[in-house]
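Working notes, beginning with the structure itself.
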Amino acid sequence: MSSALSIRDLHVDLHLRRTTVEAVKGVSLDALPGRRVALVGPSGSGKSMVARAVTGALPRSARVRGAIEVDGVDVGAKRPAGLVAMAFQEAAAAFNPTRTVAWHLRESCRAAGVDPVDALPDALAAVGLADEHGSAYPFELSGGQVQRAGLALAIVTSPRLLIADEVTTALDNETETEVLDRLGALTRSRSMTVVFVTHDLALVERWADEIAVMDDGRIVEHGERAGLLSAPAHAKTRALLESRMPTVTLDRFRPTANGATEAGGDDAGTTGDGAAVGETPVLEAQAVTKRFDGQRGRRVDALDGVHLSVGPGERIAVVGRSGSGKTTLLRLLAAVERPDAGTVCWGGEEVADLDRRALRSQRWRVQMVFQSPLAAFDPRHSVADIVAGPIRSFPDRCPTDVDDRVQELLGAVGLDPDLAPRRPDQLSGGQRQRVAIARALSVEPEVLLCDEPVSSLDANLRRSVVELISRLCAERGMALVFVTHDLSPLPLLCQRGLVMDHGRLVEQFQVDAR
Amino acid sequence: GSDDEDDAGASASESDVAAEAEADGAEEADGDEEAPAEGGGEGERLIVGVQFLDDFVGAGVAGFATPPAYSSVIAQFMFDGLLELDPTQGYLPVPDLAESFEVSDDGLVYTFDLRDGVTWHDGEAFTSEDVVFTLNAALDPANQARTAADLAAVSSVTAPDDDTVVVELSRPFAPILQSLSLAIHPEHLLGPELAAGTPPGETEYAAAPVGTGPYMWNEYRPGEQLLLDANPDYYKGAPAISEAVLVAVADYDIAAARLAAGEIDLSEVSGAQLGLVEGLDGYAVNTVRSTNVFAIALNIEDPLLEDPRVRIALNNLVDRQALIDLLEAGLGEPALSPLINTSVETDAGASLATDVEAGTALLEEAGWVKGDDGAWSVDGTPVSMTLHDGFAPQIAEVVASSLRDQGIGVEVITGQYSDIFGQLFADPSGFQLFTYSFGAPTDPDSIYILFHSQATLANGGFNAFAYANDDVDAALDQARSVTDVDGRAEAYADFQEAATADPAYILLHTAPVHMVISDELGGWEPGLVEYQFVRFLWWNVEEWTKS
Amino acid sequence: MGRHPRLPTGRLPVVVALTGLAALVLIAVVGPLVIDADPLRTAAGPPNAAPGTEGHLLGTDSLGRDLLARVVIGGRASLTVGLAVSAIALVVGSLVGLAAATGPSWLDWSIVRVIDALTTVPFLVLVLALRAVLPPGVASTVLVLAAFTWLPVARVVRAQVLSLRGRLFVEAAVIGGASRSRVLFGHLLPNAAPPVLAVASAVCAEAIIAETTLSWLGLGIPPTTPSWGNILVDAQREILIGNWWSLAAPATAIALTIACTGLLATQSRRTGFA
Amino acid sequence: MTRYILGRIATLVPMLLVVCALTFALLDLAPGDPALRIATSLAGGPPDLSRVEDLRVELGLDDPLPVRFGRWLGDVVQGDFGRSAIDGSPVTERVVGALGPTLLLTGSGLLVSVLGGLLLGTTVGLLPDRGPARLVRGGIMAMTGVSFVVPTFLVALGGLWLFAVILGWFPAGGISDPGEPRTIASTLEHLILPAVILGVGTNLGVFTRLIAAGVEEQMDAEFVRNARSRSIGPRRIVSAHVVRTSIIPLVAQVGSSMAYLVGGAYAVEVVFGWPGLGRLAVEAAQDQDVTVILAVTVISGLVVVAGNLAADVLLGVIDPRVLIARRTT
Ligand SMILES: Nc1ncnc2c1ncn2[C@@H]1O[C@H](COP(=O)(O)OP(=O)(O)OP(=O)(O)O)[C@@H](O)[C@H]1O
Ligand SMILES: Nc1ncnc2c1ncn2[C@@H]1O[C@H](COP(=O)(O)OP(=O)(O)OP(=O)(O)O)[C@@H](O)[C@H]1O
Ligand SMILES: [Mg+2]
Ligand SMILES: [Mg+2]
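Residue numbers (the working numbering), protein chains in the order written: chain S, 1 to 514; chain C, 1 to 547; chain W, 1 to 274; chain H, 1 to 329.
As structure tokens, then:
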């Protein structure tokens with residue numbers, strides 16, 4: 001039986017102005033038809049580059065050597081439409097911002113000669129999106145929604161080979177399960193070969209037929225799932241498996257209240273249980289409401305009367321289904337968006353009452369790690385400039401030399417200082433995420449707002465970043481609002497949690513410290 | 001044939017000329033009747049490039065409000081006057097709509113006998129009423145006629161019968177015949193509209209005027225072209241070319257391009273375009289002498305220029321040949337008299353000719369001192385003058401440069417015509433030197449407004465710096481009041497002598513006129529001389545042929 | 001690691017462009033002191049003398065004036081016009097565009113209205129009206145041209161910033177406590193820079209060219225102050241009768257200047273001004 | 001969207017008023033006495049000073065500026081632009097008559113520069129900046145850069161001589177053949193050369209560069225990489241993704257280039273004897289014919305405003321983020 005995918009001695013060199021990055025250093029990989037191959041490995045090991053090389057989505061600066069065949073077709077020379085497709089790691093950036101999601105889907109159909117009438121709703125349904133999401137512009141969707149839209153875009157033409165680069169990082173467990181089930185059925189029925197890149201070992205366990213482990217641009221180990229997981233041969237594989245945090249589900253936590261009315265209907269006393277009782281909350285949202293008017297009369301109540309109060313040093317997790325309003329809540333808390341109704345207070349002061357200058361002078365207090373970091377970086381700034389941005393605004397918050405501080409922060413999140421001069425689009429997904437974290441931490445805020453901050457990190461890094469945040473909270477008394485769908489860091493990080501659904505707080509729970 | 005030897009009285013002389021001309025006209029008419037048949041002109045089209053077409057049409061439309069000079073393009077195609085000026089006879093007024101005329105001995109009453117059988121383009125008969133109407137309309141201040149000043153001497157216009165018009169003057173005024181060559185408009189069309197108080201330019205008539213001339217109004221496309229059709233009933237006979245199109249050209253360069261593209265049959269160009277049009281296939285360049293004199297007006301009230309010797313010296317020092325060579329491709333003539341190329345020119349201006357030695361001597365005589373570096377100074381101050389210019393910067397630059405070469409500091413200040421002239425009208429005292437242009441195209445009297453002490457700007461003249469010389473005044477007045485040719489010539493000779501001894505201008509040179517004409521065109525005959533904007537090109541347009 | 005994005009002064013094309021501009025300016029400033037021919041002297045040589053004719057390195061024009069002297073001194077007027085106009089346009093246009101895109105909505109509304117209003121005044125009317133108030137000369141030409149060249153800059157800056165303003169990185173910078181001016185000048189403006197610089201380089205070119213056109217209409221720098229524009233206008237016809245050098249000399253000077261500014265803009269764009 | 005457009009239109013009226021008032025006031029600043037000027041041109045020489053006084057009273061020139069402006073505005077609203085200060089002819093017909101040809105010429109010129117800019121700019125943006133392609137890039141840049149280096153009037157004169165006189169491919173001027181009726185075919189024949197020259201001589205260079213800059217940047221955008229991964233053909237990538245996003249600054253630029261085109265077509269109009277507004281404006285400017293200048297201002301103002309509005313609407317259609325930004329602010 002011939003391979004569905006055959007990669008022979010693939011090299012990808014990225015020519016930057018001063019240096020050349022050897023992202024992939026001789027990868028060979030075969031996948032038999034209908035198989036699901038997981039590609040795992042530390043952040044920056046070259047996984048995405050391999051995926052891009054197969055689908056022709058490399059940056060301009062890339063030079064490729066080696067042979068890649070899909071279904072016996074040399075895709076280096078020519079890629080017939082519909083043969084292979086890829087869901088991008090950062091879905092938000094993969095859409096043309098001036099076009100709707102459906103437009104992209106239709107475009108793909110047309111290129112592959114597929115009739116969009118059925119294929120389009122099928123693809124959206126397969127990833128759990130409604131038609132209205134199709135007619136939205138990508139920037140009108142939540143993180144998980146765009147991610148699924150990106151996946152829909154990849155499967156809409158039913159390619160022979162699907163490459164999925166971290167496509168579930170922004171999905172909650174429930175949605176993830178749904179999507180994977182449907183995707184599994186779909187790929188089986190069409191005997192699609194799937195290569196998926198992920199850091200989520202649970203996902204690997206559940207879904208992969210085989211596993212390939214990459215490190216530093218090479219595949220260091222490749223084998224059947226069971227064998228490889230039970231008896232990892234390579235040190236890197238072992239390290240990855242060991243640093244895994246135990247899987248956690250919501251049941252594990254103790255509910256304290258349920259229903260939006262209880263969570264938000266009363267005064268701060270209800271929400272303020274935990275560490276914050278009696279003290280002025282550092283951050284507070286009272287009955288905030290936010291509605292978006294989208295395309296074709298699509299109207300979304302992203303937030304609907306939400307109360308949240310964060311006491312000094314309090315660490316709160318916010319979980320909930322994709323599209324439930326978590327990101328919107330954070331953006332309101334960070335005072336980059338105004339609520340339609342309700343108020344946001346920083347340290348007891350209403351943000352809406354502050355004039356621009358006063359607000360600016362307070363900005364250091366609340367820092368945020370964005371869900372899609374690429375879009376949150378100035379494309380023309382270097383990594384160093386990005387990280388130093390807040391420090392430049394608040395020199396008081398950083399007594400040491402700026403350059404030293406930047407190096408220190410990069411080190412703390414496990415980034416090579418050599419990356420400092422790079423532009424954000426010259427980084428891997430995990431590297432970007434860490435840059436975002438470093439930036440948010442640079443001024444030692446009172447409250448750190450994190451929107452899925454570790455979703456693109458390998459188990460190793462994930463643990464160290466979580467530990468870093470946790471340590472800062474403990475040492476500096478930094479408060480934390482942590483949006484996540486992956487519950488495994490919670491025991492390490494949070495004291496209590498909130499569950500959101502359809503723009504409301506529906507449940508609260510207590511996290512027992514370990 | 002202007003060398004008329006008849007020494008009889010003025011009125012007799014005029015009548016003779018008129019009679020002669022009448023005979024000529026009859027002959028021409030005979031010849032022309034055959035022309036269309038022979039030349040097969042039917043269906044031919046004459047295409048002429050014209051600058052300022054819109055202005056000309058605008059002026060032609062309110063034709064009586066405009067001296068014939070300004071409306072010449074339209075007037076010569078569409079209209080006739082009582083008299084017309086004959087370029088082949090030194091612009092002598094010869095009969096046109098008037099078959100003949102008589103002048104009373106005191107020179108105050110002019111009686112015109114009108115031609116019979118002339119019809120307007122719309123078929124109505126032409127009568128003395130039309131003449132009376134036109135002249136009165138021109139004199140009516142409400143119509144703001146440009147000709148009003150030329151007709152100022154007219155005291156009354158009457159029509160004893162359909163064929164006769166009597167014009168009475170309040171004083172003898174020799175140039176009146178020229179003024180009476182203005183275009184005559186139809187009373188039956190324009191009269192009621194003017195009577196209703198409509199300004200001439202806004203009348204319905206103005207949108208499609210009707211004349212008696214060789215061509216009739218067809219269509220006007222503003223900014224682009226004016227289409228005219230031959231008048232089959234023209235009293236001299238139908239023109240040989242059945243259509244005439246006047247095409248707007250923005251400037252001489254563009255005229256040259258359209259000539260080179262073969263799109264127009266004839267157009268005028270300036271010396272600068274000669275290189276472009278010489279040797280053009282199918283065209284010939286005709287260069288015609290001109291009375292168009294360029295000059296520098298001198299502010300005689302300025303301390304530096306008070307002394308006539310200085311003004312003569314400036315005439316001696318300016319390099320006229322450089323002007324002619326650089327600006328007129330060597331084809332202009334040095335001008336030493338404002339009446340150059342006219343019938344009354346004398347050689348009185350010789351002492352103004354370029355002569356550096358004479359000029360230097362005169363300046364020294366006037367108390368100017370020449371330093372070792374060649375620069376002149378007066379009372380220890382280096383001489384430095386301004387030369388204002390509103391329309392001919394190149395002339396100003398060459399003049400200034402040639403005076404600088406002689407050690408006289410001159411700084412040129414240029415601007416837009418209307419700005420600079422506006423400043424001049426408002427207050428001439430800030431000026432020293434000023435570029436001017438003038439000429440005597442049809443009647444030497446046109447220099448009156450340049451030299452007479454009464455013709456100051458305030459009085460509506462062009463004597464910008466209130467030049468006043470009693471001898472000059474006397475000679476000019478004399479030339480107006482005598483009506484015989486020799487008497488006028490004598491008066492102008494006196495004028496030239498006086499004006500040369502006390503110059504009001506640095507006289508520079510004449511700019512000849514260059515007509516580029518298609519070889520297909522026949523019958524074109526230049527006047528003796530031409531003058532800026534006043535082109536007698538079309539005077540015999542009805543005789544032109546095209547093959 | 002630079003604090004602000006910097007012009008890539010180390011790159012060859014930029015060095016070439018800057019050196020070129022500096023050289024042109026230097027020639028215009030020092031040249032007339034060195035060359036002893038008088039640029040205003042007519043019949044200084046035979047008219048339309050070819051380059052290399054005795055004493056006239058670049059030949060003479062139709063009035064027999066020395067072209068080298070004229071072009072060299074003409075640079076003073078033309079370079080002043082080009083550089084001053086584009087500098088004014090860039091500064092005023094960027095500030096106004098930024099203010100419109102980032103200020104309160106009433107400000108945006110009024111600025112857009114004013115820009116719209118000003119852009120509807122035809123160039124000529126503006127020129128005529130201002131010309132009527134100001135005496136003709138280099139300074140008034142600069143003012144006249146600057147009066148409308150800042151408009152396209154402001155528009156492009158505004159459009160760019162508007163489309164950038166909603167991006168997350170701006171939001172991130174705000175959260176990062178970036179001051180308003182840092183957001184404006186550190187993030188928005190540099191990101192808007194490529195098209196803006198392209199427009200600004202066009203403005204410089206446009207100013208030098210517009211000066212020429214004004215001369216052609218007789219509304220520009222008076223012919224008694226030589227500028228590349230009025231030298232060019234004088235020469236336009238000569239080329240058809242074989243005197244190409246009259247046109248070539250000022251045209252080359254204009255082309256060189258514009259090539260330099262164009263190169264600068266292209267380079268800043270290519271490197272993202274950083 | 002409709003609301004937005006209506007809102008814009010509602011603001012046009014006061015805006016035009018401002019323009020008129022501005023122009024009126026500016027022209028009023030011009031030194032010199034308008035009555036004297038009119039009298040001078042009516043007399044064709046130095047005027048009779050008593051006439052000047054009469055004229056001043058007749059035309060109400062001694063009234064304060066606002067009164068005069070109000071009177072003028074009242075007439076304009078009734079469709080009367082007054083009489084020429086030079087020859088007393090009614091201005092309205094002339095201006096309205098010149099509007100058609102101007103719209104035709106500037107519209108075609110804009111089309112040439114937009115289409116040409118898109119085509120050439122995209123080509124430049126797509127070609128690599130190395131190897132032989134560099135020569136092609138340079139060639140296109142140099143060619144379109146003509147408008148930066150050569151003033152429009154020279155391009156027009158050069159084009160006239162080369163294409164109309166020497167090669168004889170096109171008529172050398174006018175909008176119709178002398179003496180022939182105006183037909184669509186002959187108008188087109190006369191239109192091509194001036195329109196191309198106008199397009200090339202004014203905006204082609206800027207447009208090409210704007211598009212090239214955008215395309216070059218967008219070609220390496222993540223969403224383009226994504227499109228490549230979906231096997232979207234290069235042509236479609238360029239047309240549907242890259243050009244669309246790079247066209248945004250161009251559309252913004254078109255709005256402001258309208259006035260430039262309308263007022264700026266003068267050189268082409270003069271050289272080609274095109275009976276349009278630009279030519280009228282040039283002549284009026286040289287004659288200082290204030291009434292005509294004002295009329296031209298109003299009419300071309302209307303055209304420019306309409307063009308700007310169209311560009312704005314288009315911008316919203318192309319870039320939804322702009323619309324959304326507008327809706328929320
Ligand atoms: N700019 C916008 N325009 C229209 N709708 C929007 C916009 N931003 C967010 N929404 C909608 O608001 C809802 C809440 O979005 P939000 O980003 O807060 O979700 P989330 O909880 O962060 O989801 P995820 O876990 O997928 O990131 C979603 O349905 C989304 O489609
Ligand atoms: N456009 C680029 N230019 C230069 N270097 C790049 C570029 N994109 C990625 N890299 C570098 O190439 C290496 C491999 O990147 P890649 O995106 O394949 O990593 P990855 O394995 O997908 O990591 P992650 O899990 O963090 O997404 C990294 O070191 C990264 O910094
Ligand atoms: Mg990756
Ligand atoms: Mg989210």
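Backbone N, C-alpha and C define an ideal beta-carbon position, used for all residues, glycine too. It should be emphasised that the depicted structure is a prediction, and the values quoted were computed from it without experimental measurement.
The alpha-carbon separation between Asp501 of chain S and Leu303 of chain S amounts to approximately 9 Å.
Across the structure, Val150 of chain H and Ile209 of chain W are spaced so that their CA atoms are roughly 7 Å apart.
Proximity of Gly145 of chain H to chain W, defined by a Cβ-Cβ separation below 8 Å, is satisfied. Shown here for Gly31 of chain W: same chain residues with a beta carbon closer than 6 Å to its own, the five before and five after excluded, namely Val72 in chain order. Within the region 319 to 349 of chain C, no beta strand (DSSP E) run of at least 3 residues lies entirely inside it. Remark: the shortest separation between the CB of Gln433 of chain S and any heavy atom of ligand 1 does not fall under 7 Å. In this structure His185 of chain C is buried. Its beta-carbon is surrounded by 16 or more other beta-carbon atoms within 10 angstroms.
With contacts defined as CB atoms closer than 8 Å, Thr354 of chain C and Asn292 of chain C fail to qualify as a contacting pair. Taking the C-beta atoms as reference points, Leu461 of chain S is found no nearer than 8 Å to Gly411 of chain S.
Asp36 of chain W carries a coil assignment under DSSP once its states are collapsed to helix, strand and coil.
Val317 of chain H and Glu411 of chain C have their C-alpha atoms some 59 Å from each other. His514 of chain C sits in a strand when the DSSP states are folded into three classes. Counting only runs of 4+ residues, the alpha helix (DSSP H) found wholly inside the region 64 to 123 of chain W occupies 67 to 102 and 105 to 120, in chain order.
Here Thr193 of chain S really is in contact with Gly34 of chain S; their C-beta atoms are around 6 Å apart, less than 8 Å. In the assembly as shown, Ser191 of chain S is an exposed residue. Its beta-carbon has fewer than 16 other beta-carbons within 10 Å. Residue side-chain check: Gly143 of chain S places its Cβ nearer than 7 Å to a non-hydrogen atom of ligand 4.
When CB distances to chain H are screened at a threshold of 9 Å, the residues of the region 219 to 231 of chain W falling below it are Leu219 and Gly229, in chain order. Between ligand 4 and Thr327 of chain S, a heavy atom-to-CB distance of less than 7 Å is present. Comparing alpha-carbon positions, the option among C:Gly271, C:Leu85 and C:Gln478 lying closest to Pro512 of chain C turns out to be C:Gly271.
Contact between the region 372 to 387 of chain C and the region 42 to 58 of chain W is absent: fewer than 3 CB-CB pairs across the two stretches fall below 8 Å. In this model, Arg258 of chain C and Glu268 of chain C are separated by some 11 Å (Cα to Cα). Set against 7 Å, the gap from the CB of Asp451 of chain S to the closest heavy atom of ligand 4 is smaller.
Short of 6 Å from the beta carbon of Asn48 of chain W, and not among the five residues preceding or following it, lie these beta carbons of its own chain, in chain order: Ser62 and Asn243. Rounded to the nearest whole angstrom, the CA to CA distance from Pro250 of chain W to Ile221 of chain W is 15 Å. Under the DSSP assignment, Cys109 of chain S falls in the alpha helix (DSSP H) whose first and last residues are Val101 to Ala112.
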